[in-house]
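Participant: Read the sequence shown against UniProt numbering and you will find it ends at 215, with the numbers running on by one and no gaps. All residues carry an ideal CB built from backbone N, CA and C; glycine is no exception. Following this message is one structure expressed as structure tokens.
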Amino acid sequence: MAYRLIFIPEVWGRVVKSLVHPNVLRLVEAFPESGVLLYEWGDGGSLAAQRLSPKEALKALIHVAEGLRYLHSRGLYHGDLKPENVIVVGGVCKIGDLYSLRKALSASYRSASPVCTHGYCAPEQRFSDLAVEAKSMGLENRRDIYQLGNIALSLFGIEPIDGEEWTEGEVEAKTAGIKPPELRDLIKEMLAREPWKRPNAEEVVKRVVEIYQRI
């Protein structure tokens with residue numbers, strides 16, 4: 001098995017080493033004195049490099065949503081999800097780039113400013129009023145759901161919608177050709193401007209699994 005080295009502050013090493021889930025990139029070993037983490041190697045590269053059938057794309061969405069459900073259950077959110085940060089290991093999609101992890105409502109886990117990649121940023125990562133309201137409602141993790149919606153677009157060959165450029169018309173136009181209708185409706189909900197209008201990870205898993213089983 002191959003591995004790679006990631007440099008990350010010690011506090012993140014402790015957080016990441018505690019994470020054990022099939023859809024979260026596994027930390028093999030941590031070296032606190034040097035801040036080096038040894039991760040499992042993604043033999044399949046990133047999700048961005050994959051060419052998937054519609055059903056395979058749904059399976060990838062299930063994998064990432066399952067990983068998010070786990071992270072969110074631990075009070076964590078990613079904040080910089082994109083196809084390049086989803087690593088394929090033995091045909092299984094795993095959430096990587098765990099340096100981005102934040103612990104919701106806990107300043108002690110914020111040693112760096114939250115970041116996101118242009119094109120995938122949620123509206124609350126662009127507009128402070130939405131960010132403040134999301135935090136007050138304990139919904140900071142819903143930015144991951146927006147980004148997962150953008151990953152879904154990319155899997156179907158559609159350009160993502162950055163939160164700074166969000167319009168209802170843009171969402172309608174970019175999701176218009178997605179089938180089946182149940183999947184289109186779900187992605188539209190995931191791309192809602194307001195975090196509180198998006199489904200949680202649990203609901204996303206449930207609905208995508210149902211769609212996957214029907215096609």
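1. Kindly indicate which three-state DSSP category Y39 falls into: helix, strand or coil?
2. Just to confirm the assignment, what range does the beta strand (DSSP E) spanning I87 have?
3. Alpha carbon to alpha carbon, how far is P181 from E133?
4. Helix, strand or coil, according to DSSP, for V130 in the structure here?
5. By alpha-carbon positions, which one of W166, A30, E140, K17 ends up nearest to Y120?
6. Quick check on E140: buried or exposed, where buried means 16 or more other Cβ atoms within 10 Å of its Cβ?
7. So K59 and Y212 are in contact, right, with Cβ under 8 Å, and what is the actual spacing, rounded?
8. How many Å lie between A131 and E189 at the Cα?
9. Take every Cβ of the region 86-99, pair it with every Cβ of the region 155-164, and state whether three or more of those distances are shorter than 8 Å.
10. Between the C-alpha atoms of K206 and D185, what's the straight-line distance to the nearest angstrom?
11. What's the call for M1, buried or exposed, on a 16-neighbour Cβ count within 10 Å?
12. When DSSP labels each residue in this structure, what does Y120 get in the three-state scheme?
13. Within 10 angstroms of its Cβ, does A176 collect 16 or more other Cβ (buried), or is it exposed?
Facilitator: On the basis of the supplied data:
1. Three-state result, Y39: strand.
2. 86-89
3. 31 Å
4. The question names Val, yet the displayed sequence has Leu at residue 130. Correct three-state label for L130: helix.
5. W166
6. buried
7. Contact holds; Cβ gap of about 7 Å.
8. 18 Å
9. No: the two stretches stay apart, fewer than three of their Cβ pairs being nearer than 8 Å.
10. Taking the straight line from one Cα to the other gives about 14 Å.
11. Note on M1: pLDDT 43, under 50, position unreliable in the model; the coordinate value appears next. M1 should be labelled exposed.
12. coil
13. exposed
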